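Sequential numbering of the sequence shown, starting at 4, is according to the working numbering. Heads up: the structure comes next, in structure tokens.
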Amino acid sequence: MPRTVDREEQRRQIGAALLQLVAERGLEEVSVRTVAAAAGRSPGAVQKYFRTKDEMLVFAAELAGERIERRMADVNTAPSLRQALLELIMTTLPVDAERRAEATVQLAFAVHAAHHPRLAAIRRQVDQEVRQALAAWLESAGHQAHAVAIADAVIALSDGLALRMLYAPQECEHLLTVLDQALDALIPTDGARSVTLP
Numbered sequence: 004m005p006r007t008v009d010r011e012e013q014r015r016q017i018g019a020a021l022l023q024l025v026a027e028r029g030l031e032e033v034s035v036r037t038v039a040a041a042a043g044r045s046p047g048a049v050q051k052y053f054r055t056k057d058e059m060l061v062f063a064a065e066l067a068g069e070r071i072e073r074r075m076a077d078v079n080t081a082p083s084l085r086q087a088l089l090e091l092i093m094t095t096l097p098v099d100a101e102r103r104a105e106a107t108v109q110l111a112f113a114v115h116a117a118h119h120p121r122l123a124a125i126r127r128q129v130d131q132e133v134r135q136a137l138a139a140w141l142e143s144a145g146h147q148a149h150a151v152a153i154a155d156a157v158i159a160l161s162d163g164l165a166l167r168m169l170y171a172p173q174e175c176e177h178l179l180t181v182l183d184q185a186l187d188a189l190i191p192t193d194g195a196r197s198v199t200l201p
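What follows is the structure, encoded as structure tokens:
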């Protein structure tokens with residue numbers, strides 16, 4: 004009996020190998036050959052699912068965007084608004100190995116998107132989906148007047164802190180204090196304070 008291969012699962016495995024490669028060695032190391040080696044496949048086997056490096060990059064960028072959206076969806080929004088925003092931002096900050104790898108990949112794709120229109124379109128789509136979800140959630144929490152502005156500020160705060168933590172991890176504690184102060188400015192404090200590392 005012939006073996007059935009789940010094409011989408013194979014693509015996801017190759018995409019995950021590409022993301023791991025970017026996290027460990029950088030986007031400049033990505034090629035069909037290096038991704039094949041990271042995925043434990045031959046280059047020909049990878050090319051059955053992706054004809055070019057660009058196809059792999061676009062798919063992996065979409066996969067990375069899905070990971071962000073899943074992580075955000077797992078945030079408990081039942082506590083106070085400020086606490087929920089804090090938890091949401093913490094899901095994006097490189098404060099442990101998993102999130103550091105994810106932030107490294109996101110930064111690499113963001114830089115590459117400046118010269119790659121399809122990646123730029125994916126980045127804009129993910130940003131728009133995050134903005135809409137945040138704004139809708141903020142509106143439901145009673146911030147109708149400024150929901151979009153607060154959503155944009157939260158995204159900018161998250162992106163900026165993640166970037167600084169990547170190149171200056173020794174400043175992590177200080178940057179978490181900055182996060183507390185920024186949230187105080189955005190959302191009046193309600194007792195949920197003092198960010199600590201996991």
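Each residue gets a CB set at the ideal place from its N, CA and C atoms; glycine is no exception. As the structure is a computational prediction, the values presented were derived from the model and not from experiment.
| Item | Value |
| --- | --- |
| According to the Cβ coordinates, are Gln23 and Gly68 closer than 9 Å? | no |
| Buried or exposed: which applies to Arg36, given that a residue is buried once 16 or more other Cβ atoms fall within 10 Å of its Cβ? | exposed |
| Please tell me whether Asp57 and His119 are closer than 9 Å, where the distance is taken between their beta carbons. | yes |
| Can you give the Cα-Cα distance for Ala159 and Val8, rounded to whole angstroms? | 41 Å |
| To the nearest angstrom, how far is it from the Cα of Ser161 to the Cα of Glu90? | 11 Å |
| Helix, strand or coil for Phe62? Go by DSSP, reduced to three states. | helix |
| Consult DSSP for Thr180 and reduce its assignment to one of helix, strand or coil. | helix |
| May I ask whether a heavy atom of the ligand ADP can be found less than 8 Å away from the beta carbon of Ala64? | What this structure holds is no ligand at all, so the ligand ADP is not there to describe. |
| Run through DSSP, which three-state label would Arg127 get? | helix |
| Quick one, are the C-beta atoms of Ala39 and Val25 less than 9 Å apart? | no |
| Check for me: the alpha helix (DSSP H) holding Val49 runs from which residue to which? | 46-50 |
| Per DSSP, what kind of secondary structure is Gly194 in: helix, strand or coil? | In this prediction, Gly194 scores a pLDDT of 49, lower than 50, which makes its location untrustworthy; no coordinate-derived value is stated. |
| Go ahead and label Val55 buried or exposed: buried means 16 or more other beta carbons lie within 10 angstroms of its beta carbon, across all protein chains shown. | Reading the sequence as shown, one finds Thr at residue 55 and not Val. Under this definition Thr55 is an exposed residue. |
| Measure from the alpha carbon of Ala106 to the alpha carbon of each residue in Leu30, Ala185, Ala87, then state which is nearest. | Leu30 |
| Pro97 by DSSP, collapsed to three states: which one? | coil |
| Compute the beta-carbon to beta-carbon distance between Met75 and Ile17, rounded to the nearest angstrom, for a pair I have assumed lies under 8 Å. | Not really, about 25 Å apart at Cβ, beyond 8 Å. |
| Would you say Val157 and Leu84 are within 9 Å of each other, going by their C-beta atoms? | no |
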